[in-house]
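K.L.:
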Amino acid sequence: MKPFRTLLLVTFSLSLLAACTQVRPWERGLLAREEMAWRTNALEGALNDHIFFSKEASSGGSNAAGGGCGCN
Amino acid sequence: MNFKKASHASVIALILGMSFNSLAVEEGDDAPGFLLPAIQEGQPDISMAALEGKTVYVDFWASWCAPCLKSLPLYNEMYHKYKNQGFEIIAINVDNPVEDGLDFLIDTPLDFLIPSDPDGETAELFKVIGMPTSYLVTPKGKVELVHMGFRNGDMEIIEEAIEKVLAAN
């Protein structure tokens with residue numbers, strides 16, 4: 000079980016890394032900028048999604064949590 | 000055996016981590032006090048203590064938050080409607096840089112108190128979970144309503160709460 004303990008210790012230590020921080024809701028201004036959006040042109044994005052769907056017979060995976068005000 | 004202990008420990012750690020949200024300011028809590036500079040230069044500092052005895056609506060907003068911008072002119076109307084009854088609004092701007100907030104105010108002048116909290120210290124004090132979040136504080140300093148987000152129909156909910164507090168005090 001020693002390798003398991005080491006693995007657990009390493010995993011918890013990773014969370015202490017300075018770069019792994021939580022962006023507070025009031026700090027999301029930079030994420031809300033247009034250049035930080037996954038796609039800036041909604042119509043182009045919709046077209047690309049449609050082409051992807053027709054070629055791949057599947058969809059999704061093109062969006063992710065991004066900027067914005069973080070409200071409901 | 001060790002795996003069982005490790006899994007118990009991680010579940011406890013997870014629950015403790017999730018309890019961060021339970022420290023957020025909720026309805027019935029005392030509103031935290033704060034002292035912030037006004038967003039406009041040359042204006043006096045703004046604090047909750049100076050408005051003791053008034054019904055205060057504390058709102059956290061930023062220029063990059065679309066629902067916030069939608070709500071502010073409506074709050075301005077609300078302010079004028081109730082200010083003669085001892086109602087005040089403190090709209091805390093969390094823009095960093097502050098100029099972003101000032102640019103918005105050039106186009107949309109507002110008549111209530113607007114402090115600036117660019118480092119988010121007061122937002123941290125209130126443990127704001129999302130933007131916008133507003134807190135209706137009674138004259139006794141208790142939080143009557145916590146309102147997150149801003150959608151169509153929210154003004155009715157907020158004004159109902161304000162009228163209830165103003166009537167009771």
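Here the protein sequences come in this chain order: A and B. Numbering follows numbering that gives the first Met the number 0, in which position 58 of the first sequence is assigned residue number 57; successive positions increment by one, without gaps. Numbering follows numbering that gives the first Met the number 0, in which position 117 of the second sequence is assigned residue number 116; successive positions increment by one, without gaps. Note that the Cβ used here is the ideal one computed from N, Cα and C, for glycine as well.
(1) Grouping DSSP H, G and I as helix and E and B as strand, with all else coil, what is B/Leu34?
(2) Whose C-beta lies closer than 8 Å to the C-beta of B/Gly32 among residues of the same chain, with five residues either side of it excluded?
(3) Within 10 Å of its beta-carbon, does B/Ile174 have 16 or more other beta-carbons around it, so buried, or fewer, so exposed?
(4) Let me know the secondary structure DSSP gives A/Thr5 once reduced to three states.
(5) Say whether chain A places a C-beta atom closer than 8 Å to the C-beta of B/Phe59.
(6) Curious, which full-length alpha helix (DSSP H) runs of at least 4 residues does the region 78–139 of chain B contain?
(7) Check the Cβ of A/Pro24 against every Cβ in chain B and list those closer than 7 Å, keeping chain order.
(8) Restricting to Cα atoms, I'd like to know which of B/Arg150, B/Gly52, B/Tyr74 is closest to B/Asp58.
(9) So, at 8 Å on beta carbons, what are the nonlocal neighbours of B/Lys163 in its own chain, with the 5 sequence-adjacent residues on each side left out?
P.N.:
Short version:
(1) The three-state reading of DSSP puts B/Leu34 in strand, counting E and B together.
(2) The answer, listed in chain order, is Ser46, Met47, Ala48.
(3) Here chain B comprises residues numbered 0 to 168, so residue 174 of chain B is not present and cannot be evaluated.
(4) A/Thr5 sits in a helix when the DSSP states are folded into three classes.
(5) The C-beta of B/Phe59 comes closer than 8 Å to at least one C-beta of chain A.
(6) Counting whole runs of 4 or more residues, the region 78–139 of chain B contains the alpha helix (DSSP H) stretches 97–106, 120–124.
(7) Neighbours of A/Pro24 on chain B, chain order: Val127, Ile128, Gly129, Met130.
(8) Per the Cα distances, B/Tyr74.
(9) Answer for B/Lys163: Glu143, listed in chain order.
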